[in-house]
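Protein chains in written order, with my numbering: chain A, 9 to 287; chain B, -15 to 311. The structure appears below as structure tokens.
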Amino acid sequence: MRRSLIGRSWANIVAVVLFVFFAFPVYWMVTTAFKQNSDIISKTPVFLPLGGTLEHFTTASGAAQFWEMVGNSFIATLGAVLGSLVIATLASFAISRMKFRGRKAFVLVIMMAQMAPWEVMTISVYMIVRDQSMLNSLVPLVLFYMMMVLPFTIWTLRGFMAAVPKELEESAMVDGCTRAQAFVKVVFPLLAPGLMATSLFGFITAWNELPLVLILNKSTGPGSAQTLPLWLTSFQSTFGDDWGATMAASTMFAIPVLLIFLILQRKAVGGLTAGAVKG
Amino acid sequence: MAVQSEPVRVNSPGRSGAQQPPKSRRPAAGPSLLSRIAPYLLLLPAIVATLALLGWPLVKTVLLSFQNLNRRQLVQHTTEWNGFDNYKQLLTSAEFWHTTGRSIAFTAVNVVLIMVGGTLVGLLLNRLGSKMRLFLQIGLVLAWAMPIVAQTTVFTWLFDSRYGVVNWFLNQLGWHSMATYNWYSSQLSTFFVIVLLIVWGSIPFVAFNMYAALTTIPNELYEAARLDGAGSVKIFTKVVFPSLKPFFLGTTFLEVIWVFKCFTQVLAINNGGPERLTETLPVYAYIEGSGNSHYGMGSAIAVLTILMLAVLMAYYFRIILKQEDEL
């Protein structure tokens, strides 16, 4: 594998340029959040902010209902993820371990549901939720977010479940376990990493969701059921040109997801994404 | 196909008494009833959820598209069916066809850039030494991991007319008319920002998958090609591309579907403006339906969009099902 020094450094230079291209917006978001206002609106951008300030984070987190929206986002997201995990564990066990009529059809439906056009179904969802008098509530959000992440959760859990050798389960059953016990005692513990990874990706999807909450939960003020994406998109209109606060808000919004991604990086790269993960 | 459970030799749980393992091969005399319906019981919650939360909204979209449903009907809770009026009006309006054309062009530009860019970055990852590869991967993960809403606020800030770093940079390069350029003042420049945002956010996924796929090509293939005197371009077209063709097709269609129904970026950057000139179909449906309170019309746009997506998805599944015979 001889490669000329020039050939190699050429690739390295491109890599550095690409690194800057991809990482710069993230860097700019975080640094702007910490910059003094004078640095943010200076004629020449300040690329290395040294005198940092936490003022913008105080402004952003002090905004009306910020903590309420954080709570709402967590409730909607966690509720959706937990619900879909329970349902998906049952379903993926069936499709990875049992043979039955209609299995293939179910798998196909799941694959299609994974690409459901939620973005254009918002009007009908709005009508359905309105007819149930459930507008401005977290319940429909939990339910529909659950449905948004369910197909992906089933699909990936099925993969993890198929990877657990059938013999383990069978030997547990030979030792006197029922099939359910064999699952709970043998398969489930081995699924832990899979469950974890899947739920984190579900978390990201639900955490990011905007179109539905935009149309369902319009009412603001105390007790509103709005979530952080909504808060962040309307942030600019509220705070005008306060870019420091806007970037601080974006940073706070991005941190949970960035952490998850950094933890999951390896899994994200290896196959897990083969079908359907998009940040 | 007979219903049969996996090779469970043990008695099924929950049945009293010893049910003998059936000796006959008749399908009806399978294991106990419970274990025969077990898979369906396990699937029941998923099926109910899918029907109620996905199937019903889909049906409802179609139903709404045949109704005259504006603010008045909404407030009064009345249902006025109007047959194909919404569709007739849409299919004869220039606005709808312009938006459709725009959506298709928008998707094409994005997907070409994403696929070409992602493939090149993936090839580069494969070529780099391990340290540089990790370095570039960190940059890619940062972009990939950014929540979409945060991405859009950051890009609005980068392209801010007065203090945005992009305008400053262009000015430094000598393009002085860009010093306080308002990127959201014209259709083309707004689209430029949106496309850059989507391409920036989508390349990492393709690049990572491309790299993962490349590592599955055995080294011997490259070496053999190199011994035969093939250059980099030839290696790509004769070795890499043929082995990864399913990957290319699958990913391309996935990206086409994703970009075509992409909503958040287009809406959040400039609300489909200026003057509704950057509305793509999903945003058009939303603004017509929710923004202008023409819910029936919005649903008709949604149905037509879903039909277009269905065609794309049919192609996608044909590709996928060819590869996945094990399902």
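Beta carbons: idealized from backbone N, C-alpha and C, even for Gly.
The C-beta distance from B:Glu263 to B:Thr83 rounds to 6 Å, short enough to fall under 8 Å. For the segment 90 to 124 of chain B, the set of residues with a beta-carbon nearer than 7 Å to any beta-carbon of chain A comprises Val105, Leu108, Arg111, Leu112, Met116, Phe119, Leu120, Gly123, Leu124, in chain order. For B:Tyr168, no CB of chain A lies under 8 Å from its own CB, so it is not counted at the interface with that chain. Within the same chain, and ignoring the five residues on either side of A:Gln234 in sequence, the residues whose Cβ sits closer than 7 Å to its Cβ are Met77, Asn80, Val221, Asn225, Thr228. When Cβ-Cβ separations below 8 Å define contact, A:Phe196 makes no contact with chain B. In this structure, A:Thr130 sits near B:Tyr270, with a CB-CB distance shorter than 8 Å. Straight through space, the alpha carbons of B:Ser227 and A:Thr61 are spaced by roughly 53 Å. Chain order gives no chain A residues near B:Met162, where near means a beta carbon separation below 9 Å; the closest approach is about 14 Å. For B:Arg20, the enclosing alpha helix (DSSP H) begins and ends at 17 to 34.
Counting only the Cα atoms, A:Ser245 lies some 18 Å from B:Ser169.
Secondary-structure assignment with DSSP links B:Gln51 through a beta bridge to B:Trp65. The beta carbon of A:Leu176 lies closer than 7 Å to those of Val194 in the same chain, with the five residues before and after it left out. In the three-state DSSP reduction, A:Phe74 falls in the helix class (H, G or I). The beta carbon of B:Gly67 sits closer than 8 Å to the beta carbons of Phe50 from its chain, once the five residues preceding and following it are set aside; these are given in chain order.
Neighbours of B:Trp152 in chain A, taken as residues whose beta carbon is under 9 Å from its own, are Lys51, Thr52, Pro53 in chain order. Put simply, the CB of B:Trp159 is far from chain A, with every gap to its CB atoms at 8 Å or more. Listed in chain order, the positions of the segment 203 to 216 of chain A with a beta carbon within less than 8 Å of a beta carbon of chain B are Ile212, Trp215, Asn216. Contact annotation: the segment 211 to 221 of chain A touches the segment 121 to 137 of chain A, with at least three C-beta pairs closer than 8 Å. Taking a cut-off of 8 Å on C-beta distances, the segment 179 to 199 of chain B does not touch the segment 144 to 156 of chain B, as fewer than three cross pairs fall below it.
Look at B:Ala33: its C-beta is under 8 Å from a C-beta on chain A. Inter-residue distance for B:Glu204 and B:Lys218 is about 16 Å (C-alpha atoms, whole angstroms). The three-state secondary structure of B:Gly148, taken from DSSP, is coil.
By the CB criterion at 8 Å, B:Ala252 and B:Val133 fall inside the cutoff. Counting the other Cβ atoms within 10 Å of the Cβ of A:Phe55 gives fewer than 16, which makes it exposed. Using a C-beta cut-off of 8 Å, the segment 266 to 284 of chain B makes contact with the segment 50 to 60 of chain B, since at least three inter-stretch Cβ pairs fall below that distance.
Put simply, the backbone Cα of A:Trp163 is about 30 Å away from that of B:Val179. B:Leu233: member of the alpha helix (DSSP H) spanning 225 to 244, first to last residue. Linking B:Pro188 to A:Gly91 through their CA atoms gives a straight-line distance of about 30 Å.
Considering only beta carbons, the part of the segment 128 to 154 of chain B lying closer than 8 Å to chain A consists of Trp128, Ala129, Met130, Pro131, Ile132, Val133, Ala134, Gln135, Thr136, Thr137, Val138, Phe139, Thr140, Trp141, Leu142, Asp144, Arg146, Tyr147, Val149, Trp152, in chain order.
Annotated as proximal: A:Phe261 and B:Pro131, with beta-carbon spacing under 8 Å.
Burial state of A:Lys174 is exposed, judged by a 10 Å Cβ sphere holding fewer than 16 other Cβ atoms. In this structure, DSSP gives A:Lys51 a state outside helix and strand, which the three-state scheme calls coil.
If you ignore the 5 residues before and after B:Ala30, its C-beta comes within less than 7 Å of no other C-beta in its own chain. Counted as a single uninterrupted DSSP element, the alpha helix (DSSP H) harbouring B:Ile285 occupies residues 279 to 307. Fewer than three beta-carbon pairs drawn from the segment 113 to 133 of chain B and the segment 197 to 205 of chain A are found closer than 8 Å, and the two stretches are therefore not classed as touching. DSSP, reduced to helix, strand and coil, places A:Leu56 outside both helices and strands of the structure shown, so it counts as coil.
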